[in-house]
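When you read off a place in the sequence shown, starting at 1, and then add 417, the result is the number in our numbering.
Backbone N, C-alpha and C define an ideal beta-carbon position, used for all residues, glycine too.
Source: prediction; values computed, not measured.
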Amino acid sequence: MGPSEPRVVPLGDKAGTMREAGGYMDIWIGISKPRVWLHRIPRILAAVFSSAVLSLISASILENPAGVDLGLAGAMLAGMLGCVAGTTMALQVNRMGIYETGFAPPTKPLNGITSKVWVLPWEDLTEVQMIHRHLSPADMRKGVTLRVVSSTRRMEWLLDGDRLPRWFGDPTQGKRFVAVLDCVGVRLRELGRPLSSEEASRIVNLVPIQG
Numbered sequence: 418m419g420p421s422e423p424r425v426v427p428l429g430d431k432a433g434t435m436r437e438a439g440g441y442m443d444i445w446i447g448i449s450k451p452r453v454w455l456h457r458i459p460r461i462l463a464a465v466f467s468s469a470v471l472s473l474i475s476a477s478i479l480e481n482p483a484g485v486d487l488g489l490a491g492a493m494l495a496g497m498l499g500c501v502a503g504t505t506m507a508l509q510v511n512r513m514g515i516y517e518t519g520f521a522p523p524t525k526p527l528n529g530i531t532s533k534v535w536v537l538p539w540e541d542l543t544e545v546q547m548i549h550r551h552l553s554p555a556d557m558r559k560g561v562t563l564r565v566v567s568s569t570r571r572m573e574w575l576l577d578g579d580r581l582p583r584w585f586g587d588p589t590q591g592k593r594f595v596a597v598l599d600c601v602g603v604r605l606r607e608l609g610r611p612l613s614s615e616e617a618s619r620i621v622n623l624v625p626i627q628g
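Structure representation (structure tokens):
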């Protein structure tokens, strides 16, 4: 490990918060870097497949330029769009978590696609709402959806509580992530204003790790 490579070390508090030291930001709860790439792989494969189709169509056109028709041109356009869409969606996968600087959603906005990790600052996080889903014949599991809102940036995310453990690859981390955001939402409603980094840190330290 080189001197400039981020490493994860414990903060030493009772909640077991982890800090990524030596890097560009501190991470309190978040998915690992291998999990980020695991979520990117299907999108990368889609881009590679589209590129392969595009290459085959291009080779066919070069061999027989006179045989180009609307169907072939449409297939080529679809291949180009698939390649661009797959690459863009792969780059949009974010290292979701709760950081010292704010909340990192599962996907980056297009204007933040080149960032290693895109984080919504605490001062721009204005609402967190826990939406409870009722039982239905189609869905026998009662779950929750987290609604995270930034009214200052006009952004909103809906996070399915049932899928978060799979994103993290660790049910404990996923449940703690939901619990912390729920507490953040309660505190936002109590204060009527965004939280500071110190206030968010106290919430993270108060939410225990659940087995």
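Residue burial classification, proline 451 (beta-carbon count within 10 angstroms, cutoff 16): The count along the sequence shown starts at 1 and reaches residue 451 at position 34. Exposed, since its Cβ has fewer than 16 Cβ neighbours within 10 Å.
Sort out for me which residues DSSP pairs alanine 521 with in a bridge. The residue given as residue 521 occupies position 104 in the sequence shown. Looking at the DSSP output, alanine 521 bridges to Gly514.
So does the stretch 534 to 548 actually touch the stretch 459 to 476, counting three or more Cβ pairs closer than 8 Å? no
To which residues of the same chain is glycine 578 closer than 6 Å at the C-beta, ignoring the five residues directly before and after it? Position 161 of the sequence shown, counted from the start, is the residue given in the question as residue 578. Cβ neighbours of glycine 578 beyond the five flanking positions: Gly560, Val561, Val595.
Three-way DSSP call (helix, strand, coil) for proline 526 in this model: For the purposes of this step, residue 526 is identified with residue 109 of the sequence shown, where counting begins at 1. Of the three classes helix, strand and coil, the one that applies to proline 526 here is coil, per DSSP.
Continuous beta strand (DSSP E) stretch holding valine 565: start and end: In the sequence shown, the residue the question calls residue 565 occupies position 148. Here the beta strand (DSSP E) through valine 565 covers 561 to 567.
Have a look at the DSSP bridge pairing and note the partners of glycine 447. By 1-based counting over the sequence shown, the position of residue 447 is 30. Answer by DSSP bridge pairing, in chain order: Gly514.
If you reduce the DSSP assignment to three classes, tell me which class proline 459 lands in. As a working mapping, residue 459 is identified with position 42 in the sequence shown. Of the three classes helix, strand and coil, the one that applies to proline 459 here is helix, per DSSP.
Would you mind sorting leucine 581 into buried or exposed? The rule is 16 or more other CB atoms within 10 Å of its CB. Counting from one through the sequence shown, the residue named residue 581 turns up at place 164. Leucine 581 comes out buried.
Can you find at least 3 beta carbon pairs, one from the stretch 619 to 626 and one from the stretch 586 to 601, that sit closer than 8 Å? yes
Tell me the DSSP secondary structure of valine 545 in three-state form. Within the sequence shown, the letter at position 128 stands for residue 545. It is a strand residue.
Using a 10 Å radius around the Cβ and a threshold of 16 neighbouring Cβ atoms, would you call histidine 456 buried or exposed? Taking the first residue of the sequence shown as 1, we reach residue 456 at position 39. Buried, because 16 or more other Cβ atoms sit within 10 Å of the Cβ of histidine 456.
Since proline 526 contacts tryptophan 535 with CB under 8 Å, what's their CB separation in whole angstroms? Within the sequence shown, numbered from 1, the residue matching residue 526 stands at position 109. Within the sequence shown, numbered from 1, the residue matching residue 535 stands at position 118. That pair is a contact at about 7 Å.
What first and last residue would you give for the alpha helix (DSSP H) that runs through aspartate 391? Examination of residue 391 is not possible in this model, given that the chain is present from 418 through 628 alone.
Distance check for glutamine 509 and isoleucine 461, CA to CA, integer angstroms please. Position 44 of the sequence shown holds residue 461. Position 92 of the sequence shown holds residue 509. Note on geometry: alpha-carbon atoms of isoleucine 461 and glutamine 509 lie some 11 Å from one another.
Own chain, CB closer than 8 Å to glycine 496, minus 5 neighbours either side, in chain order: Stepping through the sequence shown from its first residue, residue 496 is reached at position 79. Here the set comprises Ser467, Ser468, Val470, Leu471, Ile474.
Would you mind reading off the limits of the alpha helix (DSSP H) that contains glutamate 615? As a first step, residue 615 is located in the sequence shown; it is residue number 198 there, counting from the start. Note, glutamate 615: alpha helix (DSSP H), 614 to 623.
According to DSSP, which residues form a beta bridge with aspartate 577? In the sequence shown, the residue the question calls residue 577 occupies position 160. Paired residue(s): Thr562.
Does DSSP put proline 582 in a helix, in a strand, or in coil? The sequence position of residue 582 within the sequence shown is 165, counting from 1. Here proline 582 sits in helix by DSSP.
Count the other CB atoms within 10 Å of the CB of tryptophan 445; is the residue buried (16 or more) or exposed (fewer)? The count along the sequence shown starts at 1 and reaches residue 445 at position 28. Under this definition tryptophan 445 is a buried residue.
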